[in-house]
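Every number in the working numbering is 1 more than the matching position in the sequence shown, counting from 1.
Just below is one structure, and these are the notes that go with it.
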Amino acid sequence: MERFLIVANWKANPAAIYNFQFTISNSLEIAIAPSYPLVSTIPEQFTRAAQDVSAFPIGAYTGEVPAKLLADAGVKYALIGHSERRKYLGETNQQVEAKMKAAIDTGLIPILCAQSLTEIPENIRNYPPGKFMLMYEPFSAISQGGQYRPETPEKIFATLTDWKSKLNLSCRFLYGGSVNPDNISELLTVNRELITGVVVGHASLDAALFSAIIKKCLLSLS
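Below you can see the structure in the form of structure tokens.
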């Protein structure tokens, strides 16, 4: 079984200072997704990730960050279609699909973020198996300034089982939405063959909170 994946999404925040030692585990992979200027500062024990990727290749596209440049910087994963980009930047399914293709063609592993089936591009069935991941982030569970409103494990299981059946997908599923030390153990009770990781937002900016999430994951996965 593949390692359980924890992605820390720092969003548009300064670097979080993780004043704890993380021992590399065969059961757990931790990826950090900072803003672009901070990617090169991620310590070696963590996997590098990005919060977005351009649909454009290398060339005269001012302000864009192509997938090739991210790959050259050691990035492995890229969040695509996050709810905040859809909300504040008006990102569409067409743009999301173009970014997915750019990432996959370059060797990055895109993590498609979706709140519902309507946010998943229709052509996703044509993507190579194992080359992308799908993150479920229900609108009702998105934290506001640290106010956590997590989804129940039962609802997560029911939703992803439904998605997997309707989309006929062969990919890893992650959960994102108010993941914190108080609910991570409960989230880990969801079928491990269905939920293979989590994306942590607000709680990943606090070293104590993020450390607690990691420790509880290691305990549950051991």
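Note that CB positions come from ideal geometry on N, CA and C, so glycine has one too.
Length of the line joining the Cα atoms of N10 and G177: Rounded to whole angstroms, N10 to G177 spans 10 Å at the Cα level.
Is E155 buried or exposed, if buried means 16 or more other CB atoms sit within 10 Å of its CB? Exposed, because fewer than 16 other Cβ atoms sit within 10 Å of the Cβ of E155.
Go ahead and pull the three-state DSSP assignment for Y37. In the displayed model, Y37 falls within a helix according to three-state DSSP.
Unbroken alpha helix (DSSP H) runs of length 4 or more, entirely within the stretch 151–185: which are they? Qualifying alpha helix (DSSP H) stretches, in chain order: 154–168.
Bridge partners - F211, DSSP secondary structure assignment: Within the DSSP bridge table, the entry for F211 names no partner.
Can you confirm whether the stretch 68–80 touches the stretch 35–49 when touching is taken to mean that 3 or more C-beta pairs between the two stretches lie within less than 8 Å? Yes: at least three Cβ pairs fall under 8 Å.
If distances are taken between C-alpha atoms only, which option among I125, K216, L206 and A104 comes closest to A13? Considering only I125, K216, L206 and A104, the residue with the shortest C-alpha distance to A13 is L206.
Look up N10 in the DSSP assignment and say whether it is helix, strand or coil. Strand, per DSSP.
Alpha-carbon spacing of A103 relative to Q95, whole angstroms: Taking C-alpha positions only, A103 is separated from Q95 by approximately 13 Å.
Beta-bridge pairing of R49 - partner residues as DSSP gives them: Answer by DSSP bridge pairing, in chain order: I33 and V76.
State whether the stretch 211–219 contacts the stretch 165–179, with contact taken as three or more CB pairs (one from each stretch) at a distance under 8 Å. As far as the Cβ criterion goes, the stretch 211–219 does not touch the stretch 165–179, which means the pair count is below three.
Can you list, in chain order, the residues of its chain whose CB lies under 6 Å from that of L135, leaving out five sequence neighbours each side? Around L135: L113, C172 and F174.
Helix, strand or coil at F5 according to DSSP, with G and I counted as helix: In the three-state reduction of the DSSP assignment, F5 falls in the strand class.
Assign T197 to one of three DSSP states: helix, strand, or coil. Here DSSP, grouped into helix, strand and coil, assigns T197 to strand.
Evaluate E252 with the Cβ neighbour count: other Cβ atoms within 10 Å of its Cβ, from every protein chain shown; 16 or more gives buried, anything less gives exposed. Outside the modelled stretch of the chain, which goes from 2 to 223, sits residue 252, for which no answer is possible.
Compute the Euclidean distance between the alpha carbons of Y137 and G64, then round it to the nearest angstrom. Here the alpha carbons of G64 and Y137 stand approximately 28 Å from one another.
Mind listing, in chain order, the continuous beta strand (DSSP E) runs of no fewer than 3 residues lying wholly within the stretch 50–131? 76–81 and 110–115, all fully within the stretch 50–131.
Kindly indicate which residue of L219, N20, S84 and L71 has the alpha-carbon position closest to the one of P139. Closest by C-alpha distance to P139, out of L219, N20, S84 and L71, is S84.
Rounded separation between N184 and T153 - CA only: Each residue's Cα considered, the two are about 9 Å apart.
Report, in whole angstroms, the separation of the C-beta atoms of L109 and V199, which I expect to be a contact under 8 Å. V199 and L109 do not touch by the CB rule: their CB atoms are close to 20 Å apart, not below 8 Å.
Taking the Cβ atom as the reference point for each residue, do R49 and A32 lie within a distance shorter than 9 Å? Contact flag set, yes.
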